[in-house]
Structure formats: structure tokens, C-alpha cells
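> Number 1163 in this note's numbering belongs to position 92 of the sequence shown; there are no gaps in the numbering.
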Amino acid sequence: MLTLEGELRAAWNLGQFEPWFQPICRLGDGAVVGYEALIRWNHPQRGVLVPGDFLKIAEDCGLIETIDWCMFELSCERLRRHDLADTFMTINVSALHLRHVDFDQRLIELLERTGLPPSRLVVEVTEGALLDNPERVRATLERLRAAVIGAALDDFGTGYSSLSYLHSLPLRILKIDRAFVLELDKGANTSSTTVVAAVLALARALDIDVVAEGIETEFQYAALQAMGCDMGQGYWIGRPAPITRWLASGPVGA
Ligand code: C2E
Ligand code: MG
Ligand code: MG
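(1) Just to check, is the beta-carbon of Glu1284 closer than 7 Å to a non-hydrogen atom of ligand 3?
(2) So what's Glu1195 in DSSP terms, helix, strand or just coil?
(3) Between Thr1185 and the rest of its own chain, which residues show a CB-CB distance below 7 Å, the 5 nearest in sequence each way excluded?
(4) Verify the contact flag: Lys1257, CB atom, against every heavy atom of ligand 3, threshold strictly below 7 Å.
(5) Nearest CA to the CA of Pro1115: which residue from Ala1108, Val1104, Ile1095 and Glu1078?
(6) Whose C-alpha, out of Ala1081, Ala1108, Gln1087 and Gly1086, is nearest the C-alpha of Pro1313?
(7) Does the region 1297-1313 come within contact of the region 1095-1106, defined as at least 3 CB pairs closer than 8 Å?
(8) Please report the residue range of the alpha helix (DSSP H) in which Phe1251 lies.
(9) Quick one: give me the first and last residue of the alpha helix (DSSP H) that Val1208 is part of.
(10) Checking contacts by CB at 8 Å: is Gly1228 closer than that to chain D?
(11) Identify which residue in Gly1258, Leu1295 and Ala1210 has its Cα closest to the Cα of Asp1100.
(12) Which residue comes first and which comes last in the beta strand (DSSP E) that contains Asp1226?
(13) Can you list the residues near ligand 2, meaning Cβ strictly closer than 6 Å to any non-hydrogen atom, in the order they appear in the chain?
(14) Can you tell me whether DSSP reads Ile1314 as helix, strand or coil?
(15) Is Glu1107 helix, strand or coil when you go by DSSP?
(16) In its own chain, which residues sit with a C-beta less than 6 Å from the C-beta of Asp1278, not counting the 5 before and 5 after it?
(17) Give a yes or no on whether the C-beta atoms belonging to Gly1199 and Ala1222 are separated by under 8 Å.
(18) Name, in chain order, the residues that DSSP records as bridge partners for Cys1096.
(19) Can the beta-carbon of Glu1195 be found closer than 8 Å to that of Thr1161?
(20) In this structure, does DSSP put Ala1200 in helix, strand or coil?
(21) How about Val1282 and Met1302: are their beta carbons less than 8 Å apart?
(22) May I ask you to verify whether the region 1261-1278 touches the region 1225-1244, counting CB pairs closer than 8 Å and requiring at least 3?
Printed below as a string of C-alpha cells:
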């Protein structure tokens, strides 16, 4: 029997990984304005596997970087081929990538190869990735910005969460973690409503767009819309198929 690591390597050789896409919509009118590319493993016996089933091991055995570069390329190619001219795409970049000083250069070359305009790409980094070496990450994001590639801070509020570094990072998007969105169900005047309102105000002051993650109910959607949140993603928005193999277009779930 193969270990999961062995299985991962075999899967890589057989091309079993591919990006799926979750629409990101403008809460005001429900229009799809972008997509997040999310890795999936088409396992021949176990079906479509999600990152929680294999990402940690792929990171530990050092395979994630190779797999990710292939994901980035496939994602960019698909977006370009789909030709939804005004939409952007976010890709998840693990902390390991940001240790390489040539990460930005490699990404720029990938865009040249695939023909996707850099302004349509946004790299998502987590607060954890920043902790590793904040100065190096900031410098990388600065170089990406100079190349018109955007940056998003993913899962905001779950990690180190220091507000002090926010203003020093060249961010285009802040993604509010779904834990806060979930809490909105408890109604107005909860601590979560206060946190979301404060994050929205801060982002506005810093001229950063906000995407709320994990919107699962109409109530959450309406609450975020009323609070002036720009964009969102989640099972409610993408229903009945929240994350798809192909790029969906048109207004969804509004
Ligand atoms: P993430 O970047 O925060 O992605 C959002 C996760 O929330 C996705 O899980 C998505 O399927 C899920 N989600 C979306 N809407 C909802 C909702 O309404 N409710 C709930 N409960 N969940 C929702 P997924 O696809 O399992 O990905 C998990 C994590 O794996 C991602 O979290 C990201 O950190 C990482 N990841 C995904 N794709 C890649 C990749 O290509 N490369 C790397 N290095 N990491 C990836
Ligand atoms: Mg993400
Ligand atoms: Mg996230």
C-alpha cells in the first residue's frame, strides 16, 4: 500500500490535481467580479478531494510548491481562455513560496506565458505567511504591485492580526474570515458586527477592498451589504454550485 506521500507523488505524475473556482461577487448587485482558484485532487478511488485531505502532507514533503506552480498556470490559462474581460482571479500562495526571492519574477514570467494581464491576478497570503519574515514578504508584495499584480490578505482576523502592519502592506484586498461572517447570524450589536464594521472602516481608510468569506445565508449577505462590504464569496452566493470545475458567469445567488 502506498503512503499518502507516495500517492501524492504518483497523483502529480498522473496530472490528478486541478483548480476549481469559487465566484466572488459584488454584494451591491450580485455581479460576479472575480474567482478564487481552489485546488482539488481528482482521486481515482476516493473522488474529488479538498485541500484539508492532503495539503499539510504536500507541504511537509515539499511537493506543494511544484503542485502550486502547475495550479497557478492552469488557473491563469483557464481565466484567459474564458475571456471574462473584467474579472480577476485570486490564487492561494503558501508561505513556502514567499521564501524565494524570485517568486515575483517567476509569477510575472508565468503571466507572460499564459497571456493573462497581470492586473487580473491577485495573490492571497495569510497572516501566518507574514510572520515568517514580514520584511521579505512586504518587499515581494511591493515588487508584485510594481508589476500590477494585486495582493490579498486571506483569513483576516484568525492569525496574528496585528493592525499595525496593515497600513505598511501594499494590499488590494482584505478577506474577512468566515468565522466573523458566521457570527453575524446572531444579529446586530454582537462583538462580531462591531469587528466587521471596524475592519470595513479601516479598509476604507486605507483604500483596500474587502471580500467577506463564507457567506452561507441570505441574512449574512444582507447584513454585510447593509454594512457596506464591497464583495463576498460563499455557499450562498454560488448556490446551487458554489465551487465549480469551470468558470461560471453572470449574476449568481443575488
Ligand atoms: P481559503 O483560501 O480560506 O479558501 C476558502 C475555503 O472556504 C475553501 O476551502 C472553500 O471551499 C471554503 N468555502 C467557501 N465558501 C464557503 C462557505 O460558504 N462555507 C464554508 N464553510 N466554507 C466555504 P477549500 O477549497 O477546502 O480550501 C481550504 C484551504 O486550502 C484554502 O483556504 C487555502 O488556504 C488552501 N488552498 C486552496 N487551494 C490552494 C492552492 O491551490 N494552493 C495552496 N497552497 N493552498 C490552497
Ligand atoms: Mg484563500
Ligand atoms: Mg480564506
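Note that beta-carbon positions come from the ideal geometry of N, C-alpha and C, so glycine has one too.
No experiment lies behind these values; they were computed from the predicted model shown.
According to the structure shown:
(1) Within the sequence shown, the letter at position 213 stands for residue 1284. Flag set: Cβ of Glu1284 near ligand 3.
(2) Here the question's residue 1195 lines up with position 124 in the sequence shown. In the three-state DSSP reduction, Glu1195 falls in the strand class (E or B).
(3) As a position in the sequence shown, residue 1185 is number 114, starting the count at 1. If we look at Thr1185 and ignore the five residues flanking it on each side, its Cβ neighbours are Glu1144, Cys1147, Glu1148 and Arg1151.
(4) Here the question's residue 1257 lines up with position 186 in the sequence shown. Lys1257: no, Cβ never under 7 Å from ligand 3.
(5) For the purposes of this step, residue 1115 is taken as the residue at position 44 of the sequence shown. Pro1115 has its Cα closest to that of Glu1078, out of Ala1108, Val1104, Ile1095 and Glu1078.
(6) Within the sequence shown, residue 1313 is the residue found at index 242, counting from 1. Residue Ala1108 holds the alpha-carbon nearest to the alpha-carbon of Pro1313 among Ala1081, Ala1108, Gln1087 and Gly1086.
(7) yes
(8) As a position in the sequence shown, residue 1251 is number 180, starting the count at 1. Under the DSSP assignment, Phe1251 falls in the alpha helix (DSSP H) whose first and last residues are Arg1249 to Glu1254.
(9) Locating residue 1208 in the sequence shown gives position 137, counting from the first residue. Val1208 -> alpha helix (DSSP H) spans Pro1205 to Ala1217.
(10) This model lacks chain D altogether; it includes just one protein chain.
(11) Counted from its first residue, the sequence shown places residue 1100 at position 29. For the residues Gly1258, Leu1295 and Ala1210, the minimum Cα distance to Asp1100 belongs to Leu1295.
(12) The count along the sequence shown starts at 1 and reaches residue 1226 at position 155. Run containing Asp1226: Gly1221 to Phe1227, per the beta strand (DSSP E) assignment.
(13) Cβ-based neighbours of ligand 2 within the cut-off: Glu1107, Asn1163, Glu1195 and Asp1225.
(14) Working through the sequence shown from its first residue, we reach residue 1314 at position 243. The answer is coil: DSSP assigns Ile1314 none of H, G, I, E or B.
(15) As a working note, residue 1107 is residue 36 in the sequence shown. Glu1107: strand per DSSP, three-state reduction.
(16) Numbered from its first residue, the sequence shown carries residue 1278 at position 207. Taken in chain order, the list of residues that qualify is empty.
(17) Taking the first residue of the sequence shown as 1, we reach residue 1199 at position 128. Taking the first residue of the sequence shown as 1, we reach residue 1222 at position 151. Not closer than 8 Å, so no.
(18) Within the sequence shown, the letter at position 25 stands for residue 1096. According to DSSP, Cys1096 bridges with Val1103 and Gly1303.
(19) In the sequence shown, residue 1195 corresponds to position 124, counting from 1. In the sequence shown, residue 1161 corresponds to position 90, counting from 1. Between Glu1195 and Thr1161, the gap from beta carbon to beta carbon is short of 8 Å.
(20) If you number the sequence shown from 1, residue 1200 lands on position 129. In the structure shown, Ala1200 sits in a helix (DSSP, three-state: H, G or I).
(21) As a first step, residue 1282 is located in the sequence shown; it is residue number 211 there, counting from the start. As a first step, residue 1302 is located in the sequence shown; it is residue number 231 there, counting from the start. Result yes, Cβ atoms of Val1282 and Met1302 sit closer than 8 Å.
(22) Between the region 1261-1278 and the region 1225-1244, the count of Cβ pairs shorter than 8 Å is three or higher; the stretches touch.
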